[in-house]
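Colleague: Sending over a structure as structure tokens; questions will come in a sec.
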Amino acid sequence: MPSKEEVFEKVREALVDALGVDDDEVTPEATLVGDLGAESIDFLDIVFRLEKSFDIKIPRGELFPEDILTNSDYVVDGKVNAEGLVELKKRMPFADLSKFEENPAVQEFATSLTVQDMCNYVESKV
Amino acid sequence: MRWFWIDRFTELVSGETATAIKTVSLSEEHLHDHFLGIPTMPNSLILEGMAQTAGMLVSQYNAFKERVILAKVPRIVFHCRAVPGDTLTYRAKLEAIEESGARATTTSHIGDQIQSEAEILFAHIDRETAHRPLFAGADFGDLLRSLKIFDVGRNPDGSPLAYPEHLSPQSS
């Protein structure tokens, strides 16, 4: 099983290659969308790279549960409701959603995922 | 007119690899001004040829039922120019494919010399309307036939590729 440092280095390599950012921009606190400029297609690129690098399978919706964010039971007026937040936490134990909870607007969700969240996710899979 | 930047396939193994060729000719009008006196096959069109080779490989994997688009080129390198008289050989390898898209690596060679190499990402789009044909009648099937996909295409076990029934005129 790889160490936390090894996981971070491989995640960093995947992000540098997928997003064309510099090594030093990829810090644990950096957000994928806000700080590193990831767009929707980049997530597919990142998923493919992580799968290859760690020899894991990342099922659709596991890293980024779009189904919750488009479910009218969980989203009201563009914001994730309390039930939705419970469901998100259940599905994403690897992510720190405390900042998102302050303003759970769907459009803010993508911007809240950090490099550390991604490392936590990978660690749960290897 | 269709946007063809490959002439024909010479090999396709379903879900694995594909090879197609493109012969560069001075009769192609775009070479007359690119560049004046130094006709050069534009690298952007070489990328398009590699993407068409890999894109057909991706599309064939799902029996041509998905709408496959070139979504991203994370890496591309050009090593030399391609000029009239050259035959470009495009090779594509399917690295990964899933519901929302696929990733392929591709190369372009002139003889034994590597001309270009790229990583290409494809997305499956408009999945809810993908059953609606983009081509009239048997046009898409005719295109696949003219590219010789079913003449050279094989399944990984070596058996020939079957022509998808949904592309035949009576089912469109």
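If you read the sequences in order, they're chains A and B.
Those letters in the first sequence? Residues 1 to 126, per the working numbering, in order.
Those letters in the second sequence? Residues 1001 to 1172, per the working numbering, in order.
The beta carbon of each residue, even a glycine, is placed where N, CA and C say it ideally should be.
Just the chain A side, please: which residues come within less than 7 Å of B/LYS1072 by C-beta, in chain order?
Modeller: Against the second sequence, residue 1072 of chain B aligns to sequence position 72. Within chain A, the residues near B/LYS1072 are ILE41 and ASP45.
Colleague: Just tell me which of A/VAL80, A/ARG12 and A/VAL26 has its CA closest to the CA of A/GLU101.
Modeller: Numbered from its first residue, the first sequence carries residue 101 of chain A at position 101. That would be A/VAL80, whose Cα lies nearest to the Cα of A/GLU101.
Colleague: Under the DSSP definition of a beta bridge, which residues are partnered with A/VAL75?
Modeller: Numbered from its first residue, the first sequence carries residue 75 of chain A at position 75. Its beta-bridge partners are A/VAL80.
Colleague: Could you tell me which chain A residues have their CB closer than 7 Å to the CB of B/ARG1103, listed as they occur along the chain?
Modeller: Within the second sequence, residue 1103 of chain B is the residue found at index 103, counting from 1. Ordered by position in chain A, the residues that pass the 7 Å Cβ test against B/ARG1103 are PHE48.
Colleague: Just checking: is the beta-carbon of B/GLU1048 within a distance shorter than 8 Å of some beta-carbon in chain A?
Modeller: As a position in the second sequence, residue 1048 of chain B is number 48, starting the count at 1. Answer no: the Cβ-Cβ gap between B/GLU1048 and chain A never drops below 8 Å.
Colleague: If you draw a straight line from the alpha carbon of B/SER1172 to that of A/ASN103, how long is it in whole angstroms?
Modeller: Numbered from 1 along the second sequence, position 172 holds the residue referred to as residue 1172 of chain B. Numbered from 1 along the first sequence, position 103 holds the residue referred to as residue 103 of chain A. Any reading at B/SER1172 needs caution, since the residue's pLDDT is 46, under 50, leaving its predicted position unreliable; the model's value is listed next. Roughly 49 Å separates the two Cα atoms.
Colleague: With a 10 Å radius around its C-beta and 16 neighbouring C-beta atoms as the bar for buried, classify A/LEU19 as buried or exposed.
Modeller: For the purposes of this step, residue 19 of chain A is taken as residue 19 along the first sequence, with counting starting at 1. Buried is the call here.
Colleague: Can you check which of these residues, A/GLN107, A/SER112, A/PHE8 and A/ASP55, is closest to A/LYS127 by C-alpha distance?
Modeller: No answer is possible for residue 127 of chain A: it lies beyond the span of chain A, which begins at 1 and ends at 126.
Colleague: Closer than 8 Å, CB to CB, is B/SER1172 near chain A or not?
Modeller: Translated into the one-based positions of the second sequence, residue 1172 of chain B becomes position 172. Below a pLDDT of 50, predicted positions are generally treated as unreliable, and B/SER1172, at 46, falls in that range; the measurement from the model is reported next regardless. For B/SER1172, the answer is no, since every Cβ of chain A falls outside 8 Å of its Cβ.
Colleague: So A/PHE48 and B/ARG1103 are in contact, right, with Cβ under 8 Å, and what is the actual spacing, rounded?
Modeller: Working through the first sequence from its first residue, we reach residue 48 of chain A at position 48. Working through the second sequence from its first residue, we reach residue 1103 of chain B at position 103. Yes, A/PHE48 and B/ARG1103 are in contact; Cβ-Cβ is about 5 Å, under 8 Å.
Colleague: With a threshold of 6 Å on Cβ separation, who are the neighbours of A/PHE8 within its own chain once the five nearest residues in sequence on each side are excluded?
Modeller: As a first step, residue 8 of chain A must be located in the first sequence, where it is residue number 8. Cβ within range, chain order: CYS119.
Colleague: Whole angstroms are fine: how far does the CA of B/ILE1110 sit from the CA of B/VAL1024?
Modeller: One-based indexing of the second sequence puts residue 1024 of chain B at position 24. One-based indexing of the second sequence puts residue 1110 of chain B at position 110. Each residue's CA atom was taken as its position, placing B/VAL1024 and B/ILE1110 some 11 Å apart.
Colleague: On the DSSP bridge list, what partners appear for B/ALA1118?
Modeller: The sequence position of residue 1118 of chain B within the second sequence is 118, counting from 1. Paired residues: B/ILE1076 and B/THR1106.
Colleague: Check whether the segment 1021-1038 of chain B touches the segment 32-46 of chain A, taking contact to mean three or more Cβ pairs, one atom from each stretch, closer than 8 Å.
Modeller: no
Colleague: The segment 70-94 of chain A: which residues have C-beta closer than 7 Å to a C-beta of chain B, in chain order?
Modeller: none
Colleague: Output needed in chain order: residues of the segment 4-33 of chain A with a Cβ under 7 Å from some Cβ in chain B.
Modeller: ASP17 and ALA18
Colleague: Using a Cβ-Cβ cut-off of 8 Å, state whether B/GLU1099 counts as contacting chain A.
Modeller: Taking the second sequence and counting its residues from 1, the one referred to as residue 1099 of chain B is at position 99. Interface residue, yes.
Colleague: Let me check one thing: in DSSP terms, what residues is A/THR114 bridge-paired to?
Modeller: Taking the first sequence and counting its residues from 1, the one referred to as residue 114 of chain A is at position 114. Answer is A/THR31, bridged to A/THR114.
Colleague: Do the CB positions of B/GLU1095 and B/THR1105 come within less than 8 Å of each other?
Modeller: For the purposes of this step, residue 1095 of chain B is identified with residue 95 of the second sequence, where counting begins at 1. For the purposes of this step, residue 1105 of chain B is identified with residue 105 of the second sequence, where counting begins at 1. Yes.
Colleague: Alpha carbons only, please: which of B/ILE1097, B/ILE1114 and B/GLN1115 is nearest the one belonging to B/GLU1121?
Modeller: The residue you call residue 1121 of chain B lines up with position 121 of the second sequence. At residue 1121 of chain B the sequence reads Leu, which differs from the Glu that was named. Comparing Cα-Cα distances from B/LEU1121 to each of B/ILE1097, B/ILE1114 and B/GLN1115, the minimum goes to B/ILE1097.
Colleague: Please say whether A/VAL115 and A/VAL16 have beta carbons closer to each other than 8 Å?
Modeller: Taking the first sequence and counting its residues from 1, the one referred to as residue 16 of chain A is at position 16. Taking the first sequence and counting its residues from 1, the one referred to as residue 115 of chain A is at position 115. Not a contact, by the Cβ cut-off of 8 Å.
Colleague: From the DSSP output, in three-state form, read off A/LEU69 for me.
Modeller: Against the first sequence, residue 69 of chain A aligns to sequence position 69. Correct three-state label for A/LEU69: helix.
Colleague: Which residue comes first and which comes last in the beta strand (DSSP E) that contains B/LEU1012?
Modeller: Reading the second sequence from its first residue, position 12 is the one you call residue 1012 of chain B. Looking at the DSSP string, the run of the beta strand (DSSP E) that includes B/LEU1012 is 1008-1013.
Colleague: From the DSSP output, in three-state form, read off B/GLY1055 for me.
Modeller: Residue mapping note: residue 1055 of chain B aligns to position 55 of the second sequence, counting from 1. Secondary structure at B/GLY1055: helix, using DSSP grouped into helix, strand and coil.
Colleague: Below 7 Å between beta carbons is the criterion; list the residues of the segment 1108-1126 of chain B that meet it against any residue of chain A, in chain order.
Modeller: So the list reads LEU1121 and ALA1123, given in the order they occur along the chain.
Colleague: Leaving out five residues on either side along the sequence, give the residues of the same chain with a beta carbon under 8 Å from the beta carbon of A/VAL106.
Modeller: One-based indexing of the first sequence puts residue 106 of chain A at position 106. The answer, listed in chain order, is LEU69, VAL75, GLY78, LYS79 and VAL80.
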